[in-house]
Amino acid sequence: MAKLKQKIWAIFALIFIISLLAFGFVTVYMHDNTVERFHNEQKSSITLFSNSVHAFFRTQDALLHILGLQMVAEYPTLAHPVHDKTLDEIMVNYPALLGLGLVAYDGTPLVASSNFDLNKLPNLMELPQTKPSFQIARSIDKISIGPTYLVNALKTKTYAMPIRRSIYAGKDRTQPIAVMTAGIRIDNSPLFGVGDELNSYHNIQIIRKDGYNQYSSDSDINYSQKSNQDLLPLLNSTFSEAISNELPSIQSINYIIGDKNQRLVVKYDPYSELFFVSNIKQQYINQVFISRFTVILGFFVSSMFILFILIRSIANSEIKTNSKLVYQAQHDSLTNLPNRQYLRSCINEWINSESGNNPPFALMYIDIDNFKSVNDSYGHEFGDKVLIQATQRLSQILASDGLLIRESSDEFIFLTYSCEHAQLQYTTKLISTSLAEPYIVKNSSILLGSCIGVSRYPENGVKLNELLSAADIALHSAKKKRNSTCFFSSQMQEEHYQHVQLEQKLRVAIEQETPFMVYQPQVDKNGEIYGVEALVRWIDETLGFVSPEKFIAIAESTGLMSKLGQLIIDKSLTDLSKLNRTLDKPLKLSINISVRQFTEELFAERILASIKAFGLSPETITLEITENLFIEDLNKIKPICAYLQKQGIQISLDDFGTGYSSLSMLNELVIDELKIDKSFVDKIDEDSRSLAMITNVISIGQRLGMTIIAEGVETSAQKQLLIDNDCFQFQGYYFSKPLPYDQLCQYMNEK
Numbered sequence: 004m005a006k007l008k009q010k011i012w013a014i015f016a017l018i019f020i021i022s023l024l025a026f027g028f029v030t031v032y033m034h035d036n037t038v039e040r041f042h043n044e045q046k047s048s049i050t051l052f053s054n055s056v057h058a059f060f061r062t063q064d065a066l067l068h069i070l071g072l073q074m075v076a077e078y079p080t081l082a083h084p085v086h087d088k089t090l091d092e093i094m095v096n097y098p099a100l101l102g103l104g105l106v107a108y109d110g111t112p113l114v115a116s117s118n119f120d121l122n123k124l125p126n127l128m129e130l131p132q133t134k135p136s137f138q139i140a141r142s143i144d145k146i147s148i149g150p151t152y153l154v155n156a157l158k159t160k161t162y163a164m165p166i167r168r169s170i171y172a173g174k175d176r177t178q179p180i181a182v183m184t185a186g187i188r189i190d191n192s193p194l195f196g197v198g199d200e201l202n203s204y205h206n207i208q209i210i211r212k213d214g215y216n217q218y219s220s221d222s223d224i225n226y227s228q229k230s231n232q233d234l235l236p237l238l239n240s241t242f243s244e245a246i247s248n249e250l251p252s253i254q255s256i257n258y259i260i261g262d263k264n265q266r267l268v269v270k271y272d273p274y275s276e277l278f279f280v281s282n283i284k285q286q287y288i289n290q291v292f293i294s295r296f297t298v299i300l301g302f303f304v305s306s307m308f309i310l311f312i313l314i315r316s317i318a319n320s321e322i323k324t325n326s327k328l329v330y331q332a333q334h335d336s337l338t339n340l341p342n343r344q345y346l347r348s349c350i351n352e353w354i355n356s357e358s359g360n361n362p363p364f365a366l367m368y369i370d371i372d373n374f375k376s377v378n379d380s381y382g383h384e385f386g387d388k389v390l391i392q393a394t395q396r397l398s399q400i401l402a403s404d405g406l407l408i409r410e411s412s413d414e415f416i417f418l419t420y421s422c423e424h425a426q427l428q429y430t431t432k433l434i435s436t437s438l439a440e441p442y443i444v445k446n447s448s449i450l451l452g453s454c455i456g457v458s459r460y461p462e463n464g465v466k467l468n469e470l471l472s473a474a475d476i477a478l479h480s481a482k483k484k485r486n487s488t489c490f491f492s493s494q495m496q497e498e499h500y501q502h503v504q505l506e507q508k509l510r511v512a513i514e515q516e517t518p519f520m521v522y523q524p525q526v527d528k529n530g531e532i533y534g535v536e537a538l539v540r541w542i543d544e545t546l547g548f549v550s551p552e553k554f555i556a557i558a559e560s561t562g563l564m565s566k567l568g569q570l571i572i573d574k575s576l577t578d579l580s581k582l583n584r585t586l587d588k589p590l591k592l593s594i595n596i597s598v599r600q601f602t603e604e605l606f607a608e609r610i611l612a613s614i615k616a617f618g619l620s621p622e623t624i625t626l627e628i629t630e631n632l633f634i635e636d637l638n639k640i641k642p643i644c645a646y647l648q649k650q651g652i653q654i655s656l657d658d659f660g661t662g663y664s665s666l667s668m669l670n671e672l673v674i675d676e677l678k679i680d681k682s683f684v685d686k687i688d689e690d691s692r693s694l695a696m697i698t699n700v701i702s703i704g705q706r707l708g709m710t711i712i713a714e715g716v717e718t719s720a721q722k723q724l725l726i727d728n729d730c731f732q733f734q735g736y737y738f739s740k741p742l743p744y745d746q747l748c749q750y751m752n753e754k
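Numbering (this note's numbering) for the sequence shown: 4 to 754.
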């Protein structure tokens, strides 16, 4: 159970680890994707913006150059500044322009658009904020962009981005004669209205090489202050190669301002010598990532939670299923009692080998007698209901005092700590009495007995197998007595050992065909021999002569009877065939057949084939079946008997009078021959009751058309009494003991 649970949770752990790795991969991918998305946004925005500004400056360069040349031509000498209509017209066509003007080389204003107050026009060489950029404009032959600053000369204050273009006269390019200047309105230029199109988290700047902001989409920017003092050196070092080679370049930079990390995408434009900077705070990128991450985290957590619930449900279900399977494996489905597998799994509760300090207990083997005949006679459904009733009776007696196990079809095992001899005798008596009460099923009532074998811990064994073996040996002893209880003893152990030894030797003997046949003559009232009974004998090299009662019982209980029985039939038919060929009148042969043989599949066909093979007539063969076994399997044997009788074979009921219901059975079967048991014949000349019994049997048999034969006749007086009571066929030592084949032949010759 624990291993199953561990396996299920190991699967969950594996799935969780794989999912966690996948989650980590997705997280990294999502983070990189988020960063890349913002990077692409920045790169796209800054590229588009820088290209637009670059094109604008190129256009303004050409425009200022043309206007400058025109103004120089129109106003070669001026004593004071003047307004020019041409410039006003240009202003109308270019709303982004804040103003236009022509400035002398020394910074004196010459011509201006009419939106300037001529009285407020400054000398650009005299203003600290304009002088450096004006000097630069005079020194280069292209447009120059000055620092963005607040213009007070207009009617309204506004920020202007000054652009200037040096104007040269004629072919002399050594020094410009004037500078054409213009101002770009930051707040009224579509070009610099990019901030309106940007997301709130995105800021675009134009930074000059001197560190001042040329432009920023942030409306709160202070153009009179330089950008962060660490940024310009970073830009110059990053773009040093591009600056020196006057090549455009775009780079990504992580930049920290204070405690805030910012992600920059910067493009350097060598024409304008400006840095175009896209700026997004890393914090915002992280927030976007976290918002996306939260979704997949929620999905991951919920998935793992659902998986956990599912695995736990599966684990619980598997545990329940496994528990159910274990219960089914360890319990009998019919009676719901624990079985032997359960006993083996819980035996440590009774026998703890580690502690060695276990209380004594008893183990009982309980067997219901003749239960097989119930199944055969009434069917298995009927037998199952009988077993259920037997289980209920045992449970009422034993449930509170130990462990009750169903061992097999009709066998139970009971373990109890009440193991004093007197207690065990009392308990076994209760069991026997209870199981002996009538079983009522479907209006039918049957009676059954029981046998019990008892072993005790630790006297008879310290292991379960030892105790089971001891109880089983005791049970076999009890079965011999029928409906009784036996406690295991060393004598039983010895008998069991001898039984096992005898069984092994018998197996070898049957394979080697060592058992041999003897024949006891059967005579009529005139002393003439009309038949013989075949009797099997076995002499072992070690054990010597072995009683037929012993080895036949072993053959019956161990499944050897089929082979032994066939050996008996073959040897008997062989001998009779040889003997009858020497006689004028053929003898009849009686062969003892066990019920196991009799009920084997195709038994009748096989024996008829054997009789035919030896050239014998079925009418010369009589099959003897003992009364007790006959009773047990009556329903199976009846049709077989009828078939054999139809073929000419006679059926004899052996040992009549030793069973429990002999007289009632005579009505059930068509018996050809009735053999009176020796136990009755022994006393007929001494005991009037025995004589009366035999007289009644003879009378009943004759009325039913049966041949009556008396066994065990040993005296002339016994023979005469039998004749006087109309019994005319005999068998016994008075006539002859059982003879081997050679002696039988000699005996026949003498007769």
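All residues carry an ideal CB built from backbone N, CA and C; glycine is no exception.
A distance of 8 Å or more separates the beta carbons of Ala477 and Thr419. The region 293-311 and the region 252-260 do not touch, with fewer than 3 CB-CB distances between them shorter than 8 Å.
If only uninterrupted alpha helix (DSSP H) runs of at least 4 residues are considered, those enclosed by the region 177-221 are 197-200. Within its own chain, the residues whose Cβ lies closer than 6 Å to the Cβ of Tyr215, once the five positions on either side in sequence are excluded, are Pro150 and Lys229, listed in chain order. Counting C-beta pairs with one atom in each stretch, the region 457-476 and the region 437-445 have fewer than three that are closer than 8 Å, which means they do not touch. The shortest CA-to-CA distance from Ala172 to any of Gly186, Phe195 and Asp144 is the one to Asp144.
Between the alpha carbons of Asn319 and Val329 lies a gap of roughly 15 Å. For Phe683, the enclosing alpha helix (DSSP H) has its first and last residue at Lys681 to Val684. Approximately 7 Å separates the beta-carbon atoms of Ser655 and Leu626; this is inside 8 Å, confirming the contact. Nearest to Met94 by C-alpha distance, out of Ala76, Leu70, Pro79 and Val75, is Leu70.
In the DSSP assignment, Met367 is bridged to Phe417 and Val457. Below 8 Å, enough C-beta pairs join the region 131-143 and the region 166-185 to call them touching: three or more. Annotated three-state conformation of Val29 is helix, per DSSP. Between Glu414 and Tyr368, the gap from beta carbon to beta carbon is short of 8 Å. Around the beta carbon of Asn463, 16 or more other beta carbons sit within 10 angstroms, so the residue counts as buried.
Pairing Met751 with Leu605 gives a Cβ-Cβ distance that is not under 8 Å. Checking the DSSP bridge columns, you'll see Val291 has no partner listed.
Contact check for Leu100 against Ala185 passes: the beta carbons are separated by less than 8 Å. No Cβ-Cβ contact shorter than 8 Å links Phe279 with Ile14. The Cβ atoms of Leu90 and Val114 lie closer than 8 Å to each other. Taken through DSSP and simplified to helix, strand or coil, Thr133 comes out as coil.
Classified as buried, Ile288 has 16 or more neighbouring CB atoms from the shown chains inside 10 Å of its CB. In chain order, Ile369, Asp370, Ile371, Asp372, Ile434, Ser435, Leu438, Ala439 and Asn486 place their CB closer than 8 Å to the CB of Ser453, counting only its own chain and leaving out the 5 sequence neighbours on each side. Counting C-beta atoms within 10 angstroms of its own C-beta, Leu505 has 16 or more neighbours from the protein chains shown and is therefore classed as buried. For Pro112, the pairing in a beta bridge is given by DSSP as Val106. Under the criterion of beta carbons closer than 8 Å, Met164 and Ile189 qualify as touching, at roughly 6 Å. The three-state reading of DSSP puts Lys639 in helix, counting H, G and I together. In the three-state reduction of the DSSP assignment, Thr710 falls in the strand class, which pools E and B. Between the alpha carbons of Gln217 and Ser275 lies a distance of about 11 Å. Contact check for Ser565 against Arg599 passes: the beta carbons are separated by less than 8 Å. Where Val511 is concerned, the enclosing alpha helix (DSSP H) starts and stops at Ser493 to Gln515. Inclusion of Ser117 and Gly104 in the CB contact set at 8 Å is not warranted, their separation being larger than that value.
Here His424 is exposed, its C-beta having fewer than 16 other C-beta atoms within 10 Å. Per DSSP, Phe548 is one residue of the beta strand (DSSP E) stretching across Gly547 to Val549. Under the three-state reduction of DSSP output, His83 falls in the coil class, being neither helix nor strand. With three or more CB-CB distances shorter than 8 Å, the region 731-738 counts as touching the region 515-531.
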